[in-house]
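What the sequence shown shows, in mature numbering (1 follows the signal peptide of the UniProt record, and there is no 0), is residues -18 to -1, 1 to 218, in sequence order.
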Amino acid sequence: MKFPAFFTVLLFASLASAECYYPDGSLGSGLIPYNTEASVTHCCRESDVPLSNGLCFSSGLNAVVRRGCTDKAWNSTACPNICIAEPFKNGDAVMTPCGAYGTFCCGQDGDARSCCESGNGTFQIAGGEPQCNATQTIFSTTTVSATPTATGNLATSTATVSCSASDTSVEKLRADLKSKQNVTIALATVFGVSMAVLIAASVFWARERKRLNNDSIELRNLKARLPMTLLEAAKK
């Protein structure tokens, strides 16, 4: 029996069934790994449009969001190393776009607006392509006016990120992910059954080897006693 084959199956299954985590290492419930063929990948929610820069676009929130990563320690460069400090490290981080192209602040509250207006705490994000063969980048459709309104807030326009029916749809991505999850379950089942058979065979072989060893010892003892028995019979 070749043990490397079992370890190969185990490795593949563990990669394909990778969990998603937030920056503090907590489990990201409801998150789905974007690229299940990669050793480490960023995660989005089922309703999101995953972006090539490791972020996600939420149509429900109308915003770019930093979700999770399959590296629990978040040491991999594949993890979106953005908005990972308090109070965002244990959950999703919605980002507020500021006036300059690709400039953002963490959060979507008054603090984020103040961050954009003052420029203190802003950061740059490279444009992310929606991963559904759409031609536009996310930041080309997300704009913000740098001029404060009467209320002192920044005026934002509506972001539009969509994929036409002719493109690789998000629904297909979800179907692919679910299909891979089913394959993972099947592989895990096969691995579990195979390991059970291996353990049972090992136990059987150990017992059989012990029995044969005992039989061998008994046979040697019998052979050793046989000449003495014959000698005693001859004396009689």
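From the three backbone atoms N, C-alpha and C, an ideal C-beta is built for every residue, glycine too.
Every value quoted in this text rests on a predicted model; they were computed, and no experiment measured them.
C-alpha gap between residue i and residue j, whole angstroms
{"i": "residue 13", "j": "residue 184", "result": "40 Å"}
{"i": "residue 221", "j": "residue 91", "result": "A question about residue 221 goes unanswered here, because the residues of the chain that appear run from -18 up to 218."}
{"i": "residue 54", "j": "residue 47", "result": "18 Å"}
{"i": "residue 193", "j": "residue 180", "result": "20 Å"}
{"i": "residue 95", "j": "residue 177", "result": "56 Å"}
{"i": "residue 191", "j": "residue 21", "result": "42 Å"}
{"i": "residue 82", "j": "residue 8", "result": "33 Å"}
{"i": "residue 68", "j": "residue 17", "result": "27 Å"}
{"i": "residue 101", "j": "residue 89", "result": "14 Å"}
{"i": "residue 56", "j": "residue 63", "result": "8 Å"}
{"i": "residue 189", "j": "residue 196", "result": "11 Å"}
{"i": "residue -3", "j": "residue 182", "result": "With a pLDDT of 46 at residue -3, under the threshold of 50, the modelled position of that residue is not reliable, and the figure given next carries that caveat. Their Cα atoms are separated by approximately 28 Å."}
Opening and closing residue of the alpha helix (DSSP H) in which residue i lies
{"i": "residue 97", "result": "92 to 100"}
Per-residue DSSP class, three states only, for residue i
{"i": "residue 47", "result": "strand"}
{"i": "residue 13", "result": "strand"}
{"i": "residue 63", "result": "coil"}
{"i": "residue 108", "result": "coil"}
{"i": "residue 176", "result": "helix"}
{"i": "residue 40", "result": "strand"}
Within 8 Å, strictly: CB atoms of residue i and residue j
{"i": "residue 76", "j": "residue 108", "result": "no"}
{"i": "residue 70", "j": "residue 86", "result": "no"}
{"i": "residue 25", "j": "residue 49", "result": "yes"}
{"i": "residue 80", "j": "residue 61", "result": "no"}
{"i": "residue 52", "j": "residue 1", "result": "yes"}
{"i": "residue 222", "j": "residue 112", "result": "Past the boundaries of the shown model lies residue 222; the chain is included only from -18 to 218, so the question cannot be answered."}
{"i": "residue 72", "j": "residue 4", "result": "yes"}
Host beta strand (DSSP E) of residue i (start-end)
{"i": "residue 87", "result": "85 to 88"}
{"i": "residue 79", "result": "75 to 79"}
{"i": "residue 25", "result": "24 to 27"}
Heavy atom of the ligand HEM within 7 Å of residue i beta-carbon
{"i": "residue 1", "result": "The model on display carries no ligand, and the ligand HEM is accordingly not part of it."}
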